[in-house]
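Below is one structure, written out as C-alpha coordinates; comments come after it.
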Amino acid sequence: MDFFDKLESKKIQVSKTEDFGHDLRQQWEAAFASHLSVKEKRQIFLHDKGGASGFLWHVFSYEKRKCEKEEQAEVAFDKQYKDTCIIFFQHSDEVWLVEDATELKARDLLMTDGEYADLYVVDCDYKWTFVVTHEQGWIGPFFCRKGE
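What follows is the structure, given as C-alpha coordinates:
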(Lines of atoms letter the chains of each structure in order from A and count residues from 1; the text may use other names and numbers.)
(Lines give C-alpha, C1' and ligand atoms only; values in the text may rest on other atoms or scores of the structure.)
Protein backbone atom coordinates (compact mmCIF):
# COMPACT_ATOMS: atom_id res chain seq x y z
CA MET A 1 0.00 0.00 0.00
CA ASP A 2 1.50 3.33 -1.00
CA PHE A 3 1.38 6.50 1.06
CA PHE A 4 -1.63 7.99 -0.74
CA ASP A 5 -3.61 4.75 -0.31
CA LYS A 6 -2.64 4.67 3.37
CA LEU A 7 -4.33 8.03 3.92
CA GLU A 8 -7.41 6.99 1.96
CA SER A 9 -7.67 3.76 3.95
CA LYS A 10 -7.98 5.86 7.12
CA LYS A 11 -11.04 7.54 5.56
CA ILE A 12 -9.10 10.76 5.09
CA GLN A 13 -10.58 12.49 2.04
CA VAL A 14 -7.61 13.23 -0.19
CA SER A 15 -7.35 14.06 -3.88
CA LYS A 16 -4.24 14.21 -6.01
CA THR A 17 -3.18 16.59 -8.76
CA GLU A 18 0.01 17.09 -10.77
CA ASP A 19 2.06 20.08 -11.87
CA PHE A 20 1.48 22.48 -8.96
CA GLY A 21 4.29 21.49 -6.61
CA HIS A 22 6.66 24.14 -7.92
CA ASP A 23 4.09 26.89 -7.35
CA LEU A 24 3.32 25.68 -3.83
CA ARG A 25 7.01 25.49 -2.91
CA GLN A 26 7.35 29.13 -4.00
CA GLN A 27 4.29 30.13 -1.96
CA TRP A 28 5.65 28.24 1.06
CA GLU A 29 8.98 30.06 0.74
CA ALA A 30 7.17 33.41 0.53
CA ALA A 31 5.19 32.57 3.66
CA PHE A 32 7.93 31.07 5.84
CA ALA A 33 11.29 32.25 4.47
CA SER A 34 10.63 35.71 3.01
CA HIS A 35 12.43 37.35 5.93
CA LEU A 36 15.73 35.94 4.66
CA SER A 37 17.91 37.74 2.13
CA VAL A 38 19.13 36.01 -1.02
CA LYS A 39 22.54 35.66 0.65
CA GLU A 40 21.03 34.10 3.79
CA LYS A 41 19.03 31.65 1.66
CA ARG A 42 22.22 30.70 -0.16
CA GLN A 43 24.07 30.21 3.17
CA ILE A 44 21.48 27.68 4.38
CA PHE A 45 21.29 25.88 1.02
CA LEU A 46 17.61 26.66 0.53
CA HIS A 47 17.73 26.20 -3.25
CA ASP A 48 20.95 24.37 -4.09
CA LYS A 49 20.73 21.13 -5.99
CA GLY A 50 22.53 17.93 -5.11
CA GLY A 51 24.18 16.57 -1.99
CA ALA A 52 22.59 17.62 1.28
CA SER A 53 21.35 20.90 -0.17
CA GLY A 54 18.22 22.46 -1.54
CA PHE A 55 15.55 21.89 1.09
CA LEU A 56 13.00 24.50 2.13
CA TRP A 57 12.96 23.03 5.63
CA HIS A 58 16.53 24.28 6.11
CA VAL A 59 14.90 27.52 7.30
CA PHE A 60 14.02 25.51 10.44
CA SER A 61 17.05 23.22 10.75
CA TYR A 62 19.39 26.22 10.49
CA GLU A 63 17.19 27.96 13.09
CA LYS A 64 16.34 30.92 10.86
CA ARG A 65 12.70 30.76 11.90
CA LYS A 66 11.18 29.84 15.25
CA CYS A 67 9.35 26.51 15.24
CA GLU A 68 8.48 23.45 17.25
CA LYS A 69 10.75 20.47 16.62
CA GLU A 70 10.53 16.70 16.86
CA GLU A 71 7.91 15.40 19.32
CA GLN A 72 6.76 18.93 20.18
CA ALA A 73 6.14 19.53 16.47
CA GLU A 74 4.06 16.36 16.23
CA VAL A 75 1.97 17.37 19.26
CA ALA A 76 1.49 20.90 17.90
CA PHE A 77 0.37 19.54 14.52
CA ASP A 78 -2.03 17.08 16.11
CA LYS A 79 -3.56 19.86 18.23
CA GLN A 80 -3.78 22.32 15.32
CA TYR A 81 -7.29 22.84 13.98
CA LYS A 82 -7.22 21.46 10.45
CA ASP A 83 -10.06 21.95 7.99
CA THR A 84 -8.78 21.75 4.43
CA CYS A 85 -5.04 21.50 3.99
CA ILE A 86 -2.52 20.88 1.26
CA ILE A 87 0.32 18.35 1.16
CA PHE A 88 3.18 18.87 -1.28
CA PHE A 89 6.68 17.53 -1.62
CA GLN A 90 10.23 18.79 -2.06
CA HIS A 91 11.01 16.49 -5.00
CA SER A 92 7.68 16.00 -6.71
CA ASP A 93 5.15 18.24 -8.36
CA GLU A 94 2.28 16.19 -6.95
CA VAL A 95 -0.07 18.08 -4.68
CA TRP A 96 -2.62 16.46 -2.40
CA LEU A 97 -5.69 18.30 -1.18
CA VAL A 98 -6.99 16.97 2.13
CA GLU A 99 -10.56 17.98 2.90
CA ASP A 100 -11.89 17.76 6.43
CA ALA A 101 -8.39 17.10 7.72
CA THR A 102 -9.41 16.92 11.38
CA GLU A 103 -8.33 13.26 11.52
CA LEU A 104 -4.96 13.84 9.85
CA LYS A 105 -2.27 13.21 12.47
CA ALA A 106 1.49 13.44 12.49
CA ARG A 107 1.83 9.66 12.70
CA ASP A 108 0.00 9.40 9.35
CA LEU A 109 2.77 11.42 7.71
CA LEU A 110 5.87 9.98 9.33
CA MET A 111 8.02 7.23 7.86
CA THR A 112 7.52 8.20 4.25
CA ASP A 113 10.24 7.57 1.70
CA GLY A 114 11.25 8.14 -1.90
CA GLU A 115 9.75 11.18 -3.56
CA TYR A 116 7.44 11.61 -0.54
CA ALA A 117 10.26 11.73 2.02
CA ASP A 118 10.32 15.52 2.36
CA LEU A 119 6.73 16.63 2.72
CA TYR A 120 5.08 19.90 3.64
CA VAL A 121 1.57 20.33 5.00
CA VAL A 122 -0.01 23.78 5.03
CA ASP A 123 -3.43 25.21 5.60
CA CYS A 124 -4.91 26.94 2.56
CA ASP A 125 -3.82 30.37 3.86
CA TYR A 126 -0.26 29.33 4.75
CA LYS A 127 -0.80 30.29 8.40
CA TRP A 128 0.94 27.14 9.64
CA THR A 129 3.07 24.33 8.28
CA PHE A 130 4.12 20.86 9.35
CA VAL A 131 7.25 19.48 7.69
CA VAL A 132 8.50 15.90 7.65
CA THR A 133 12.08 15.49 6.47
CA HIS A 134 13.94 12.53 5.02
CA GLU A 135 16.20 12.86 8.09
CA GLN A 136 13.61 11.41 10.48
CA GLY A 137 15.08 10.50 13.82
CA TRP A 138 17.80 13.07 13.31
CA ILE A 139 16.26 16.30 11.96
CA GLY A 140 12.59 17.22 12.19
CA PRO A 141 9.74 17.10 11.94
CA PHE A 142 8.97 20.80 12.30
CA PHE A 143 5.79 22.76 13.01
CA CYS A 144 5.54 26.52 12.56
CA ARG A 145 2.79 29.09 12.78
CA LYS A 146 3.42 32.01 10.43
CA GLY A 147 2.98 34.66 13.14
CA GLU A 148 5.66 33.19 15.40
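Here my numbering runs 300 ahead of the position in the sequence shown, where the first position is 1. Positions of the beta carbon are idealized from the N, C-alpha and C atoms, including for glycine.
Top-ranked residue by Cα proximity to residue i, from the options
| i | options | result |
| --- | --- | --- |
| E308 | R445, D400 and M411 | D400 |
| G440 | L346, V398, E363 and H347 | E363 |
| V422 | Q326, D302 and Q343 | Q326 |
| F355 | K427, W428, H391 and V398 | H391 |
| G321 | L336, E371 and F389 | F389 |
Inter-residue spacing [alpha-carbon to alpha-carbon] between residue i and residue j
| i | j | result |
| --- | --- | --- |
| K369 | W328 | 18 Å |
| K311 | L404 | 10 Å |
| E435 | A406 | 15 Å |
| R365 | D305 | 33 Å |
| C385 | L346 | 23 Å |
| S334 | D302 | 34 Å |
| F294 | E340 | What the structure shows of the chain is the stretch from 301 to 448, and residue 294 is not part of that stretch, so it cannot be assessed. |
| C424 | F377 | 15 Å |
| H358 | E318 | 25 Å |
| K379 | E371 | 12 Å |
| L336 | M411 | 30 Å |
Bridge partner(s) assigned by DSSP for residue i
| i | result |
| --- | --- |
| T317 | V395 |
| R445 | W428 |
| C422 | Checking the sequence, you will find Val at residue 422 rather than Cys. According to DSSP, which records beta bridges pairwise, V422 is partnered with I386 and T429. |
| E368 | F443 |
Residues near residue i by beta carbon distance below 8 Å, same chain, minus five either side
| i | result |
| --- | --- |
| C367 | F360, A373, F442, F443, C444 and E448 |
| F332 | L356, V359, R365, Y426, T429, C444 and K446 |
| D393 | E318, D319, F320, G321 and H322 |
Cβ-based burial, residue i [other Cβ within 10 Å; buried from 16]
| i | result |
| --- | --- |
| V338 | exposed |
| A330 | exposed |
| Q343 | exposed |
| T402 | exposed |
| V375 | exposed |
| W438 | exposed |
| V420 | The identity of residue 420 in the sequence shown is Tyr, whereas the question assumes Val. Flag for Y420 reads buried. |
| K382 | buried |
| W428 | buried |
| V398 | buried |
Contacting residues, own chain, Cβ-Cβ under 6 Å from residue i (five flanking each side not counted)
| i | result |
| --- | --- |
| W396 | V314, K316 and I387 |
| D348 | G354 |
| L409 | V432 |
Same chain only: Cβ atoms within 7 Å of residue i, ignoring 5 sequence neighbours per side
| i | result |
| --- | --- |
| A417 | H434 |
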